[in-house]
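Last residue of the sequence shown: number 314 in our numbering, and the count goes up by one each step with no gaps. The beta carbon of each residue, even a glycine, is placed where N, CA and C say it ideally should be. Remember, it's a predicted structure, so these values are computed and weren't measured experimentally.
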Amino acid sequence: LSLDHLAYDNALNHISIGEKLLLGGGSLILALVLPTPAVLIAILVVMHAVLLIARIPPGYILRLWIAPATFLAVGLAGVAVSVAAAPFPAVAAVSVGPVHIGVTPAGLAAAAGLLLRSLAAVSCLLMLAATTPAAHLAAWLAPVPGLRPVSEIALLTYRFIFVFLAAAAQIHTAQQSRLGYAGPRRSLRSLALLAANVGRKTLLTARGLGIALAARNYQGRLTHSCPPQTVSPARLCSICALLAGLTAVGLM
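Pasting the structure below:
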């Protein structure tokens, strides 16, 4: 919820969505196509500089990294750690019965490269998410041929995340007021009931939304509203120059 609030209320909200997409999308493509350390580090620095220029609090930027960092830690562990039935050269190893588990130099190098590439790519997505409202992005992409159905499904899915969270918060508050979390056994039972009921309530809300759309003569196309967008030639040239410079560095 706070991410959506920041997307609407940040210092770069007046910047054209196309410019932010060019910067974030172009940097994301470079992170995937030219994953040299210099390019990836530069992308990381640029994306975080944009977030700071947008006046996103540094503490909140760190909070945004919690979920991606968790997934990265799990994935990198699988890349860095090797498991074999026979002993192998490793920086650190341990044997558990007939199984040998260790970290090899090649595994560490692969994990380091994957970590840097992932950090750069995720930073591009975080910049777009923290500075561009999802509704405005869907409205901006709607006129593009073939993207309207995708943008509408993405927007509805995004909105239902908030419906899901609101339903879970209401049920959790009701349970707390009835001492539903007083003790481990009661807490486990309340959590199970919360998981069972929040899905049902969300489905009922979705059904109500479908009925409301049908009552308003929904014909398979949602009407999007997007604030006026003004592209700055100076900013556009600066973004293109930055991407060209990163490309040149990656090809060197």
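Residues of its chain near residue i, where Cβ-Cβ distance is below 8 Å and the 5 sequence neighbours each way are ignored
i, result
"residue 113", "123, 188, 189, 192, 193"
"residue 223", "none"
"residue 82", "74, 189, 190, 193, 194"
"residue 150", "144, 162, 164, 166"
"residue 147", "160, 161, 162"
Cα-Cα separation, residue i to residue j
i, j, result
"residue 116", "residue 72", "5 Å"
"residue 174", "residue 135", "11 Å"
"residue 85", "residue 252", "46 Å"
"residue 294", "residue 76", "11 Å"
"residue 296", "residue 69", "23 Å"
"residue 137", "residue 279", "47 Å"
"residue 24", "residue 269", "Any answer about residue 24 is impossible in this case: the structure gives the chain only from 63 up to 314."
"residue 291", "residue 201", "11 Å"
Opening and closing residue of the beta strand (DSSP E) in which residue i lies
i, result
"residue 144", "143-146"
Residue i: first and last residue of the uninterrupted alpha helix (DSSP H) it sits in
i, result
"residue 157", "Per DSSP, residue 157 belongs to no alpha helix (DSSP H); it is in the beta strand (DSSP E), 154-158."
"residue 164", "No alpha helix (DSSP H) contains residue 164, which is instead part of the beta strand (DSSP E) from 161-165."
"residue 66", "64-70"
"residue 116", "Where residue 116 is concerned, there is no enclosing alpha helix (DSSP H), given that its DSSP letter is neither H nor E."
"residue 309", "295-313"
Burial state of residue i, where buried means 16 or more other Cβ atoms lie within 10 Å
i, result
"residue 161", "exposed"
"residue 185", "buried"
"residue 104", "buried"
"residue 307", "exposed"
"residue 272", "exposed"
"residue 237", "buried"
Contacts around residue i, its chain only, beta-carbon distance under 7 Å, and the 5 residues preceding and following it disregarded
i, result
"residue 199", "79"
Below-8 Å beta-carbon distance, residue i vs any chain D residue
i, result
"residue 296", "Annotation note: the requested chain D is absent from the structure, which comprises a single protein chain."
Residues near residue i in its chain [Cβ-Cβ closer than 6 Å; skip 5 each side]
i, result
"residue 90", "183, 186"
"residue 226", "264"
"residue 96", "312"
Can you check the stretch 209-261 for any alpha helix (DSSP H) of at least 4 residues that lies completely inside it and give the ranges in chain order?
List check, alpha helix (DSSP H) in window: 210-239.
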